[in-house]
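Trainee: Chains as they are written, first to last, in the working numbering: chain A, 155 to 314; chain B, 179 to 366. Even for Gly, the Cβ is constructed at its ideal location relative to N, Cα and C. Note that the structure is predicted; figures quoted are calculated from it, not measured.
(1) With 16 as the cutoff for other CB atoms within 10 Å, does residue 211 of chain A come out buried or exposed?
(2) With which residues is residue 246 of chain B paired in a DSSP beta bridge?
(3) Drop a sphere of 10 angstroms on the beta-carbon of residue 208 of chain B, count the other beta-carbons inside from all chains shown, and report buried for 16 or more, exposed for fewer.
(4) With a threshold of 16 other CB atoms inside 10 Å of the CB of residue 363 of chain B, please say whether the residue is buried or exposed.
(5) Taking the Cβ atom as the reference point for each residue, do residue 253 of chain A and residue 184 of chain A lie within a distance shorter than 8 Å?
(6) My output table needs one value for residue 219 of chain A: the three-state DSSP class, helix, strand or coil.
(7) Which stretch, first to last residue, makes up the alpha helix (DSSP H) that contains residue 259 of chain B?
(8) Can you list the alpha helix (DSSP H) stretches of 4 or more residues lying completely in the stretch 168 to 251 of chain A, in chain order?
(9) Count the other C-beta atoms from every protein chain shown that fall within 10 angstroms of the C-beta of residue 182 of chain A, then say buried if there are 16 or more, exposed otherwise.
(10) Suppose contacts are defined by Cβ-Cβ distances below 8 Å. Is residue 290 of chain B in contact with residue 253 of chain B by that definition?
(11) Does residue 305 of chain B come out as helix, strand or coil in the three-state DSSP assignment?
(12) By the DSSP assignment, the beta strand (DSSP E) with residue 271 of chain A in it spans what residues?
(13) If you compare alpha carbons, which of A:309, A:196, A:194 and A:248 is closest to residue 273 of chain A?
(14) Establish whether the CB of residue 311 of chain A and some CB of chain B are separated by less than 8 Å.
(15) Answer with buried or exposed for residue 164 of chain A, where buried requires no fewer than 16 other C-beta atoms within 10 angstroms of its C-beta.
(16) Applying the 10 Å Cβ sphere with the 16-neighbour rule, what's the burial state of residue 412 of chain B?
(17) Does the beta carbon of residue 263 of chain A sit closer than 8 Å to a beta carbon anywhere in chain B?
(18) So residue 263 of chain A is in the alpha helix (DSSP H); what residue range does that whole segment cover?
(19) Determine the closest residue to residue 194 of chain A out of A:158, A:223, A:174 and A:213, with distance taken between C-alpha atoms.
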C-alpha cells in the first residue's frame, strides 16, 4: 500500500511516525485520490473527518489542515490523509458518495470550522443552533463566545 | 359565648391548609441533562426514597408537574426547550436549580453553555455540588416545603411580590481573563 501511495503522491507527501502512515494530498487531487484509495487500496472505512486550525501556530504555512482517517478492515491498515486549506477558498469535495458516514462528520467540520463540502446532500449545522453565525472551534473565536449564550428572553414569574 | 370544639377538629387558615397540601404533594418535572440527573434518579430510588417527602411522582409531562428540577448543564440549544417547558407548567410552580452547572454554568465556561438558568427563568432553590448528593436534594426539597408553608397563599399572591418578579442577577458578562478578552462583545 505504501509503495503504491508513494508512486502516486511522491516521496515528499508521505511520512511515517511510530508506525502510522500519513499523506498530504493537494486539494485538487483529493477526490480522485480518495476514490482510488477506496476502490483499489481497500480503505473501506472512513473513521473520522476532522480539522486543525493552524492560526498562530509555530512554522505553519497554511491556515487549516483537514484530516481524514481511513482504515482498511481487511488488512487492518490505517492511513491519515491531510489536505491544507487557506482562506478565502475553504471548499473541498464531499466524500458522502464514497463513505456514507462522512455525512455527519462533514457537517460537524462545517459547523465548527466553516469548511464547505461541495456536493454534500445536507450541509447544515449539526451541533450549534441554526441561527448561530460563527464557527466556534476556529482559533480566532473567543473561548467564551461573543455573548450568544446570553441572547435569550428572560422569563419572570408573571410571564409564565 | 364559647364554641365547644371536639378534640379531633383543628382550626387553621385556608392559606395554610392550601400550602400544607401543596408542599406535601410536589410533583417534580425532571429536567435532567447531565450527571446531576443520575443523582436525581438515585434520590427517587428506594434507598433515599423521595416518597417520604411526598415528591416521588416524577412526571415527564409539564402539564402534570409543579416542581421543575433542572439537573445538569443547559446549552444554547436546550434553553428554549427549558423555557417552553417552564411556561407549560401550571401555577403554582417552583424551580430547583440542582448542581453547579445549572446554577452557574460550573466548569463549562464556554460559548455554548448558559451560565446559570436563573438568568432566564425564576429559581426558588439552589443546590451546590458537582453533582450534589441525594441528601442535598432532599434538603432542598425540605427547605422548599418550608418556604411554601411559610409564604404560600391559596391565590398564589406570593408570586406577585416584586422581589420574586425580578430576574435574580444582573445580566452582564463576567470579566474574562487572557488575550481573548478584547474580542468578547458586551453581551447583554
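Mentor: Let me lay it out:
(1) exposed
(2) B:207 and B:273
(3) buried
(4) Reliability fails at residue 363 of chain B, whose pLDDT of 45 lies under 50, so the model's placement of it is uncertain and the value that follows must be treated cautiously. Per the 10 Å Cβ criterion, exposed.
(5) no
(6) strand
(7) 257 to 266
(8) 184 to 193
(9) exposed
(10) yes
(11) strand
(12) 270 to 272
(13) A:248
(14) yes
(15) exposed
(16) This structure gives no information on residue 412 of chain B, because the portion of chain B shown stretches from 179 to 366.
(17) no
(18) 256 to 267
(19) A:158
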